[in-house]
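Going by this note's numbering, the first residue of the sequence shown is number 15, and it counts up by one from there.
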Amino acid sequence: MTCEQLQQSYQKQLVKAGVCQKKAEQAAKTLTVQELEIIGEIWQDWGKVVDRLN
Numbered sequence: 015m016t017c018e019q020l021q022q023s024y025q026k027q028l029v030k031a032g033v034c035q036k037k038a039e040q041a042a043k044t045l046t047v048q049e050l051e052i053i054g055e056i057w058q059d060w061g062k063v064v065d066r067l068n
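Next comes the structure, spelled out in structure tokens:
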């Protein structure tokens, strides 16, 4: 994935989680490629944890 694709994916996930579009865009643009890759790796695991808690 390119940096832009990672940013867009992260931004979409933030919006799904209830963050406003503008803030999600700003947050996604402030992260480095390495940070975005780490988030991408753990995001699925986090989703599984949240599902178990509900």
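A virtual CB, placed ideally from N, CA and C, is assigned to each residue, including glycine.
Asked: Compute the Euclidean distance between the alpha carbons of residue 39 and residue 25, then round it to the nearest angstrom.; Found: 6 Å
Asked: Measuring alpha carbon to alpha carbon, tell me which residue in 33, 34 and 46 is nearest residue 19.; Found: 46
Asked: Around the Cβ of residue 21, are there at least 16 other Cβ atoms within 10 angstroms (buried) or fewer (exposed)?; Found: buried
Asked: Expressed to the nearest angstrom, what Euclidean distance is found between the alpha-carbon atoms of residue 35 and residue 29?; Found: 6 Å
Asked: Can you grab the Cα-Cα spacing for the pair residue 31 / residue 57, in whole Å?; Found: 12 Å
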